[in-house]
Amino acid sequence: MAHEFDNYYLNKEEPNKGCLLALRRIILGRDTKVTETRKYGMPCFCYMKKMFCYLWTDKKTDEPYILFVEGKYLNHPELEQGSRSRMKILRINPSVDLPIQTIQLLLNEALGLYLNGTIKVK
């Protein structure tokens with residue numbers, strides 16, 4: 000199964016490949032209960048089997064982004080809601096250093112929603 004997940008990342012061109020692999024490492028490293036699966040053809044990360052975030056690339060710009068499933072609870076100036084009612088995205092420029100502090104802050108806030116009971120987990 001891990002091989003299937005690896006193929007998604009390895010089939011990308013640089014700099015997206017390296018960027019997405021780094022984001023994957025960061026997300027999986029946030030908590031031992033975060034797992035990776037695939038939903039709708041996208042890498043999906045779950046916390047205790049509850050969808051938490053996705054990695055994908057924008058169709059127009061081809062730049063990666065992190066989609067936070069429960070983004071409506073997150074307030075940060077770099078998050079975009081667009082026409083989504085529940086989810087928000089954080090766009091990532093793959094050609095510059097990752098905004099590690101912002102990513103970690105948002106991942107911690109999003110995980111906090113599951114830990115504090117705002118989002119119910121089984």
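Reminder that position 14 of the sequence shown reads as 13 in numbering that gives the first Met the number 0, one-by-one numbering, no gaps.
Think of the CB as a built atom: it goes at the ideal place given N, C-alpha and C, for glycine as much as any other residue.
All of these numbers come straight from a predicted model, not from anything done at the bench.
Beta-carbon spacing of residue i, residue j below 8 angstroms
i    : j   : result
L27  : E35 : yes
E108 : L73 : yes
M206 : V68 : Because the chain in this structure spans residues 0 to 121, residue 206 falls outside the shown range and cannot be described.
Close Cβ partners of residue i (< 8 angstroms) along its chain, the five nearest in sequence each way excluded
i   : result
C18 : P63, I91, P93, L97
R37 : E3, F4, Y7, C43
L20 : Y8
D61 : N15
Sequence-distant residues of its chain with Cβ nearer than 6 angstroms to residue i (five each side left out)
i    : result
P76  : none
L106 : R29
Inter-residue spacing [alpha-carbon to alpha-carbon] between residue i and residue j
i    : j    : result
L66  : F51  : 9 angstroms
L110 : I88  : 15 angstroms
L78  : K59  : 18 angstroms
L104 : R29  : 11 angstroms
V95  : I118 : 33 angstroms
Residue i (DSSP reduced to helix, strand or coil)
i   : result
Y39 : coil
L19 : helix
I65 : strand
E79 : strand
Contact between the stretch 7-14 and the stretch 44-53 (3+ Cβ pairs under 8 angstroms): Counting Cβ pairs under 8 angstroms, fewer than three are found: no touch.
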